[in-house]
Ligand code: SF4
Ligand code: SF4
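Chains as they are written, first to last, in the numbering used here: chain A, 25 to 438; chain Z, 8 to 259.
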């Protein structure tokens, strides 16, 4: 059997895939982008992060925005897992594998970027060795690393189910046993993920000397803690729907029923509605409480184009009530509305993470300082693109070789 | 506001008379040499250069003849309720009983820069590159302060090593190291300020000049209303300067 023929025996049962040449071409393009990023990554490790566009004013920039956004959008995994295994919405089994892979990609990608972002990567483990229990970042370090392990544990049985691997009795049994304990991991994952989504928000909310980000709160948690959790579980399922839709478009095959995607979109929309209510209350309290107490006004929070009010209104109006309507009313039955609702919800969370990381630092708190502009440079862009390319590669390989869509065969019968 | 202030029996503090400061920058230069701050390869990029002590120029934004300027030297404010300390994931920075000086432990810092984000005074500096001393210049390095590698955050420590020296000197003279004479321990910037704009001492010790100075009606602290409770005080007889020290709303 030639290699091209034997490659076909690796496909999941009963599906068709594009030719190997086409697939290799696709991987080649992604691999090239990944390689550029890899080279910049090594360069950064060698020269230090002085090669980036970050500075003493903007200790946080594109990387952290990217991390926060990716982690929020990757949240579909824990929340879908929770609904599927703990609450028992069985239908979601048709999309759960996709969310697990997405979660794995998002978290491992974020970890990669984080290892670049700390000035002393070799000391990254100090978070475990000398933890400061008062720091939200300590909690983030703990939860993110543990949760990535949970995601790996959830991903492994999927890999073991690959047709050829599954023929090996040991691996077959292992996959089976792992599936049995999956609800346990879904529970642990949900717990860990909720906490660090919250702590990521808490990280900004507790910066009491930065009135753009500071929030009063409940017990030790500033409101941003809860807002970040809510926005993550709202946008996570939306991204899953978008990825699924995108994969269907690219592969030309139907992978799940519209009903499943619509259910995910509805879950996302419901969470978005709850989030919208709290976000509006929070913004009101911020404008009327936090800002005047700090001697600042709403207008002073915005500047020029990159820090303009348009960001605020896009996030608060275009990306909250509008997608809620698209995702929660019968409009959802039309793909155009469902997908644009999902896109807006994801865009909203990206803007939110951007303003909390960059605008919060750009906004002058000392009255005699000025707004500063931050522009990420090639080193940050290339490494971020590398993570995106890496995500596409993992997803492409998984789709090609792993049986991740239980409905695919049935839906594509001629 | 969140967090809580810590109080210590000895509280080292600085009082800066803005009306006396001429903006000459001697404090910046002395800090630079005292604390082994590397010569800046690209000092024109103010957002990348390191300067634990920085002199800001303030203006009242009025046209001539009412135009007025002032200079404001800015060391680490050694906040009583430091926004930077509680956020550090690895306790690389801490506020302990050491005279209320916020410490920075370089070998422990992982360089996450969360403290940089949390400090509103911009006093924390990150080492973007490996420090390099031009040949011959390494001889000027002070043995009293550690040299920082790249990738960690550093900041003003009120020349903490000088306190240790002063305590040793007091012990040698049979004096109480916990109650130093006024002037027995001062920072490099205070020592070298030609116009006498800077004073340093134990804010809680009635024998120290700063103890009185901070009671002046013209004394104020930066961003007082945020609740950082700093140990650096400023003095100015000009109202616009005092008002500029905090974010005053037009209505106030
Ligand atoms: S001035 Fe900044 S670095 Fe110094 S103690 Fe206050 S918050 Fe920390
Ligand atoms: S940069 Fe260093 S001192 Fe600052 S928060 Fe991170 S580990 Fe702590």
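The beta carbon of each residue, even a glycine, is placed where N, CA and C say it ideally should be.
Taking one beta carbon from each stretch, the stretch 116-134 of chain Z and the stretch 171-183 of chain Z have fewer than 3 pairs nearer than 8 Å; the two do not touch. Here DSSP, grouped into helix, strand and coil, assigns residue 161 (chain Z) to strand. By the neighbour-count definition (other C-beta atoms within 10 Å, threshold 16), residue 437 (chain A) is an exposed residue.
In this structure, the alpha-carbon of residue 63 (chain A) lies about 18 Å from that of residue 86 (chain A). Using a Cβ-Cβ distance cut-off of 8 Å, the stretch 217-233 of chain A and the stretch 63-73 of chain A are not in contact, since fewer than three pairs of beta carbons, one from each stretch, lie closer than that value.
Selection A:280, A:100, A:255 and A:169 evaluated against residue 375 (chain A) yields A:255 as nearest (Cα-Cα). Along the stretch 108-130 of chain Z, going in chain order, the ones with a CB nearer than 8 Å to a CB of chain A are 115, 116, 117, 118, 119, 120, 121, 123, 124, 125, 126, 127, 128 and 129. As the crow flies, the alpha-carbon of residue 281 (chain A) is around 16 Å from that of residue 113 (chain A). For residue 61 (chain Z), the enclosing beta strand (DSSP E) has its first and last residue at 61-66. Taking 8 Å as the cut-off, the Cβ atoms of residue 394 (chain A) and residue 236 (chain A) do not count as close. Straight through space, the alpha carbons of residue 313 (chain A) and residue 162 (chain Z) are spaced by roughly 32 Å. No residue range can be given for residue 230 (chain A), since it is assigned to no alpha helix (DSSP H) and is classified by DSSP as neither H nor E.
Sequence-distant partners of residue 161 (chain A) (beyond 5 residues in either direction) whose C-beta falls short of 7 Å from its own C-beta, in its chain, are 227. Look at residue 18 (chain Z): its C-beta is not under 8 Å from any C-beta on chain A.
Bridge pairing for residue 133 (chain Z): Z:160 [DSSP]. Of the residues assessed, residue 53 (chain A) falls on the exposed side of the cut-off, its CB having fewer than 16 other CB atoms within 10 angstroms. Looking only at Z:191, Z:205, Z:165 and Z:228, the smallest Cα-Cα distance to residue 31 (chain Z) is reached by Z:205.
The alpha-carbon of residue 145 (chain A) is positioned some 6 Å away from that of residue 139 (chain A).
Along the stretch 309-334 of chain A, going in chain order, the ones with a CB nearer than 9 Å to a CB of chain Z are 316, 317, 318, 319, 320, 321 and 324. Per DSSP, residue 209 (chain Z) is one residue of the beta strand (DSSP E) stretching across 205-209. Not one heavy atom of ligand 1 is found less than 7 Å from the C-beta of residue 235 (chain A). Residue 77 (chain Z) carries a strand assignment under DSSP once its states are collapsed to helix, strand and coil. Contact annotation, residue 211 (chain A) with residue 245 (chain A): C-beta distance approximately 22 Å; criterion of less than 8 Å not satisfied.
Distances between the C-beta of residue 99 (chain Z) and the heavy atoms of ligand 2 include at least one below 7 Å.
A contact between stretches requires three or more CB pairs, one per stretch, nearer than 8 Å, and the stretch 115-129 of chain Z fails this requirement with the stretch 269-289 of chain A. Within the same chain, Cβ atoms closer than 7 Å to the Cβ of residue 216 (chain Z) are found at 189, 206 and 208, the five residues on either side in sequence being excluded.
Within the model, the alpha-carbon separation for residue 127 (chain A) versus residue 310 (chain A) is close to 32 Å.
Chain-ordered, the residues whose CB falls short of 6 Å from any heavy atom of ligand 1 come out as Z:83, Z:84, Z:85, Z:86, Z:89, Z:90, Z:91, Z:109, Z:126, Z:128, Z:130, Z:131, Z:162 and Z:235.
It is roughly 32 Å from the alpha-carbon of residue 43 (chain Z) to the alpha-carbon of residue 248 (chain Z). In terms of beta-carbon proximity, residue 159 (chain A) lines the interface with chain Z, with at least one pair separated by less than 8 Å.
Under the rule that a run must span 3 or more residues, the beta strand (DSSP E) segments found entirely inside the stretch 218-252 of chain Z read 239-242.
Taking 8 Å as the cut-off, the Cβ atoms of residue 266 (chain A) and residue 370 (chain A) count as close.
Counting only residues of its own chain and dropping the five nearest sequence neighbours on each side, residue 110 (chain Z) has a CB closer than 6 Å to the CB of 101. Relative to the Cα of residue 78 (chain Z), the nearest Cα in the group Z:214, Z:27, Z:181 and Z:48 belongs to Z:27. Taken through DSSP and simplified to helix, strand or coil, residue 20 (chain Z) comes out as strand. Of all residues in the stretch 74-95 of chain Z, those with a C-beta nearer than 8 Å to a C-beta of chain A are 79, 90, 93, 94 and 95, reading in chain order.
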